[in-house]
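Novice: Residue numbers (our numbering): 37 to 175.
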DNA sequence: GCCAACGTTGGC
DNA sequence: GCCAACGTTGGC
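(1) By the 10 Å Cβ neighbour count, where 16 or more other Cβ atoms means buried, how is residue 43 classified, buried or exposed?
(2) Where do the ends of the alpha helix (DSSP H) carrying residue 178 lie?
(3) Shortest alpha-carbon distance to residue 129 belongs to which of 66, 71, 95?
(4) Just the Cα atoms here: how many angstroms apart are residue 62 and residue 88?
(5) Thinking just about the alpha-carbon of each residue, which of 106, 147, 142, 99 is nearest to the one in residue 58?
(6) Just curious, the alpha helix (DSSP H) that residue 171 is in, first and last residue?
(7) Alpha carbon to alpha carbon, how far is residue 107 from residue 157? Give it in angstroms, no decimals.
(8) Out of 147, 104, 155, 166, state which residue places its alpha-carbon closest to the alpha-carbon of residue 72.
(9) Using the DSSP secondary-structure output, state which residues sit across from residue 44 in a beta bridge.
(10) Could you check if residue 52 is buried or exposed, using at least 16 other CB atoms within 10 Å of its CB as the buried criterion?
(11) When we look at the beta-carbon of residue 163 and count the other beta-carbons within 10 Å, is it buried (16 or more) or exposed?
(12) What's the gap between the Cα of residue 109 and the Cα of residue 141?
(13) Give a yes or no on whether the C-beta atoms belonging to residue 82 and residue 102 are separated by under 8 Å.
Structure follows, in structure tokens:
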């Protein structure tokens with residue numbers, strides 16, 4: 037079981053919209069970055085991820101689950117790009133902001149802090165536990 | 001709205 | 001294969 041982090045600008049695709057898709061989930065399409073794509077290719081069904089609002093909020097707001105493994109991205113005909121599907125699992129009791137992560141011991145190496153432009157990131161087991169604790173939810 | 005960081009493209 | 005130009009992301 038691996039952990040991940042998905043970034044989205046809430047003006048484009050928000051947590052509320054993700055929740056509205058329910059258990060069926062939604063294609064995480066539109067990613068045009070090789071590193072992000074490779075991360076999605078490494079995902080398995082049942083992997084969990086944080087849902088992060090970039091630009092507006094700048095905070096982790098919920099937990100999602102991978103519900104379909106990487107497949108061609110329907111938003112393009114370019115065969116280079118594929119993506120997974122994710123579904124909302126539960127919101128954090130308390131959103132965890134980027135600022136919180138920057139000052140939290142143990143999160144210094146988190147991609148969210150160091151590699152701000154990567155839109156789909158791996159999260160370590162330890163980082164997962166820390167952010168869940170900060171967010172007031174069970175890991 | 002600005003700009004730094006970074007990724008991609010294309011000329012050579 | 002190098003690198004300058006350009007476009008995009010995302011924090012501030």
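Note that beta-carbon positions come from the ideal geometry of N, C-alpha and C, so glycine has one too. Just so it is clear, the structure is predicted and the values come from calculations on it, not from any experiment.
Specialist: Reading from the atomic positions:
(1) buried
(2) The requested residue 178 is not part of the displayed model; the chain covers only 37 to 175.
(3) 95
(4) 16 Å
(5) 99
(6) 161-171
(7) 18 Å
(8) 155
(9) 89
(10) exposed
(11) buried
(12) 37 Å
(13) yes
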